[in-house]
Amino acid sequence: MSQKTPIPVTILTGFLGAGKTTLLNKLLHDLSDQKVAVIINEFGDTSIDSHLVVSTKEEIIEINSGCICCNVRGDLINLLDNLMKQEDKLDRVVIETTGMANPAPVIQTFLMDEKTADSFEIDSVITMVDAKHIGQHLQEEEPAQQIAFADVLLVNKTDLISEAEKRELEQQLLQMNPNAKQFHTTYGNVETKDLIGKKSFDLDHALNIDPNLLKETHHHHHNHQVTSFVFQEDRPLDLDKVNKWFAYLVRIKGESLYRYKGVLSIKQLDKKVVFQGVHMLFAGTEGDIWKKGEKRQSEVVFIGKHLDQEELEKGFQYCLA
1 MSQKTPIPVT
11 ILTGFLGAGK
21 TTLLNKLLHD
31 LSDQKVAVII
41 NEFGDTSIDS
51 HLVVSTKEEI
61 IEINSGCICC
71 NVRGDLINLL
81 DNLMKQEDKL
91 DRVVIETTGM
101 ANPAPVIQTF
111 LMDEKTADSF
121 EIDSVITMVD
131 AKHIGQHLQE
141 EEPAQQIAFA
151 DVLLVNKTDL
161 ISEAEKRELE
171 QQLLQMNPNA
181 KQFHTTYGNV
191 ETKDLIGKKS
201 FDLDHALNID
211 PNLLKETHHH
221 HHNHQVTSFV
231 FQEDRPLDLD
241 KVNKWFAYLV
251 RIKGESLYRY
261 KGVLSIKQLD
271 KKVVFQGVHM
281 LFAGTEGDIW
291 KKGEKRQSEV
301 VFIGKHLDQE
311 ELEKGFQYCL
321 A
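What follows is the structure, encoded as structure tokens:
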């Protein structure tokens with residue numbers, strides 16, 4: 001049964017490592033008085049982001065059977081339908097797409113499926129832009145589409161570039177999407193009230209970007225030079241070896257590594273070690289304590305161009321304690 005007022009949907013997109021999960025954590029904190037359903041789509045078949053999202057009372061659902069803009073669009077429709085059947089009324093839905101997603105088919109889901117369109121409405125499409133690394137990817141289809149479809153552009157990590165570079169990037173983005181409101185941020189630090197509940201989604205603008213948006217024949221293809229590999233290991237790792245391996249990876253393969261993240265089980269450490277990186281930038285922190293009875297397993301994912309699976313796997317095995 002449809003509701004009188006459609007539930008607003010925020011689509012959070014942006015290329016790999018732009019800071020979407022950091023912004024998502026902030027949004028959930030600021031919206032703690034609302035009932036929010038969060039849908040996270042991973043590139044590949046792992047669920048690392050569930051360790052990066054802070055503990056909340058919100059319902060967090062992961063789709064990792066493929067890209068939300070490709071073969072799992074049916075999953076998204078079914079998931080939204082199930083959310084509508086819940087007894088407690090939702091205040092909002094936030095969808096965090098994989099960094100490899102063209103947002104057009106996600107937008108299309110809320111326009112073309114009659115039942116979904118009756119129950120939900122797009123509030124805004126927010127695109128996170130990695131100020132430090134976006135220049136390497138502006139000619140690629142997915143980042144260009146993410147920028148073009150945005151109602152709001154959050155230019156993140158601006159502390160890593162000069163003032164001249166900021167001005168140049170601002171003009172580049174203005175040329176690519178003159179309609180989007182730009183915010184320059186660090187750590188996704190922007191007022192939630194400037195992003196949520198603004199009803200900034202503009203269908204006419206979206207149709208100018210993609211005239212086929214309201215046709216069921218809409219297709220999307222990924223850059224198949226970009227691959228993802230997931231490695232899992234039940235045996236504990238040695239922290240010194242891990243640090244040496246990542247130092248080597250960043251130095252030798254940094255330009256090819258679009259995104260890498262994981263959760264590590266380190267010998268003689270009671271806490272998980274959570275790490276994430278983008279190209280040459282890498283950071284690791286202590287996570288939650290391993291719970292009693294919880295399987296201590298290390299899981300890492302690498303996303304990038306022309307990656308050597310065998311070489312990465314050998315490096316991961318080198319880290320065993």
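So for the sequence shown, full-length UniProt numbering puts the first residue at 1; every next one is plus one.
Every residue gets a Cβ at the ideal spot worked out from N, C-alpha and C, and that includes glycine.
For Gly315, the enclosing alpha helix (DSSP H) stretches over residues 309-318. Boundaries of the beta strand (DSSP E) around Glu121: 120-130. A check of alpha carbon separations from Gln276 across Thr13, Asn179, Thr22, Gly14 identifies Thr22 as the nearest.
Between Ile122 and Ser228, the alpha-carbon positions lie close to 30 Å from each other. Burial check for Ile252: the Cβ neighbour count within 10 Å stays below 16, so the residue is exposed. Contact annotation: Ile147 and Leu154 have beta-carbon atoms that are not nearer than 9 Å. Separation of the CB atoms of Asp118 and Lys35 is rounded to 20 Å, and the pair is thereby denied contact status at 8 Å. For Thr285, there is no enclosing alpha helix (DSSP H); the residue is found in the beta strand (DSSP E) stretching over 281-289. For Gln297, there is no enclosing alpha helix (DSSP H), since its DSSP letter is neither H nor E. As the crow flies, the alpha-carbon of Glu310 is around 11 Å from that of Gln317. Within a 10 Å sphere around the beta-carbon of Thr158 sit 16 or more other beta-carbons, which makes this residue buried.
Sequence-distant Cβ neighbours of Val273 in its own chain, meaning closer than 6 Å and more than five residues away, are Leu264, Ile266, Gly284.
Contact between Val125 and Ile11 is confirmed by a C-beta separation of about 5 Å, below the 8 Å threshold.
Taking Trp290 as the centre and dropping the five residues before and after it, the same chain places the C-beta of Ser265, Asp270, Lys271, Lys272, Arg296 closer than 8 Å to its C-beta, in chain order. Secondary structure of His133 (DSSP, three-state): coil.
Cα atoms of Lys20 and Gln268: separation of roughly 32 Å, rounded to the nearest angstrom. Taking C-alpha positions only, Glu313 is separated from Gln232 by approximately 10 Å. In the DSSP assignment, Thr10 is bridged to Val94, Ser124.
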